[in-house]
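Colleague: Handing you this structure, nothing more for now.
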Amino acid sequence: MKEKLKIALIYGSDRENRLCAVIGKWVQSELAEMPGLDVDVMDPLELKLPPRFMAEETTAVADFRRRISEADGFIVLTPEYNHSFPSTVKLILDTAYDEWGRKPVAFVSYGGMAGGIRAVEQLRQVVAELSMVSVRAGVALANPWNDINERGFSPSKPAADAVDTMVRDLGWWATALRVARQRDLSVN
Ligand SMILES: Cc1cc2nc3c(=O)[nH]c(=O)nc-3n(C[C@H](O)[C@H](O)[C@H](O)COP(=O)(O)O)c2cc1C
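Residues in the sequence shown are numbered from 3 upward in steps of one, following this note's numbering.
Written out as structure tokens, the structure reads:
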């Protein structure tokens, strides 16, 4: 039987009263329906990464880098702040390097009318520098605050279908790149 894909779901906001936690719960519940995945939720509130780079690696940073190295692929949940992504996402990306490389990343974004896609387009440039593959399929949630009720985030079915399509795309790349990382693909 195929080994499960280990996917890290990374929360991109630690703002007080953030929507990230509510939307993240919904993404988690969608992923829970997919038996081939082993999901590691990474929340900046729990990661406790130092806000500036320290000369000595802290235990929190070492633990974070180990979890990133163990993942086969990533889903980054990002809001849009001033037509870009929050500094929280940048800190998370900057806190590891080789651990991200040759792995795929998909984005679930949210914001006003544009659904956070300006944050995603900029993130594609950043992750390229980390030798990651940003997959085409993603989920962009416009005005998600309109779909929050006492049960949490309850968007329409197309949003759930978009998660499904995104995970298929991410899963293909995660499988392909896991095989490729295990082989010697050097040219000479
Ligand atoms: C500093 C800041 C800047 C924002 N700029 C944008 C923006 O440029 N475009 C947009 O669609 N929403 C913008 N928003 C609205 C956020 O997308 C919305 O508040 C979202 O809930 C933030 O995610 P969070 O609650 O998980 O932190 C901004 C919010 C903040 C706090």
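Backbone N, C-alpha and C define an ideal beta-carbon position, used for all residues, glycine too. Quick caveat, the model's predicted, so the values are computed rather than measured.
Going by DSSP in three states, F76 sits in which element: helix, strand or coil?
Modeller: For the purposes of this step, residue 76 is identified with residue 74 of the sequence shown, where counting begins at 1. Note: F76 maps to strand in three-state DSSP.
Colleague: Quick one, what's near ligand 1 if you take every residue whose CB is closer than 6 Å to any heavy atom, in chain order?
Modeller: S15, R17, R20, L21, C22, P81, E82, Y83, N84, H85, G113, G114 and A116
Colleague: Thinking C-beta only, is L49 closer than 9 Å to F76?
Modeller: The residue given as residue 76 occupies position 74 in the sequence shown. The residue given as residue 49 occupies position 47 in the sequence shown. Contact: no.
Colleague: Look at the alpha carbon of A246 and the alpha carbon of G113, and state the distance between them as a whole number of angstroms.
Modeller: Residue 246 is absent from the model: the chain starts at 3 and stops at 190.
Colleague: Using the three-state DSSP reduction, which class does L51 fall into: helix, strand or coil?
Modeller: Here residue 51 is taken as the residue at index 49 of the sequence shown, counted from 1. It is coil, neither helix nor strand.
Colleague: Give the range of the beta strand (DSSP E) segment to which P160 is assigned.
Modeller: On the sequence shown, residue 160 is found 158 positions in, with the first residue counted as 1. Premise fails: P160 lies in the alpha helix (DSSP H), K159 to Q184, not in any beta strand (DSSP E).
Colleague: Identify which residue in I150, W102, A62 and P46 has its Cα closest to the Cα of E18.
Modeller: Taking the first residue of the sequence shown as position 1, residue 18 is located at position 16. That would be P46, whose Cα lies nearest to the Cα of E18.
Colleague: Looking only at its own chain, which residues have a Cβ that is under 6 Å from the Cβ of D74, when we skip the five neighbours before and after it?
Modeller: Taking the sequence shown and counting its residues from 1, one reaches residue 74 at position 72. Here the set comprises L7, K8, A176 and R180.
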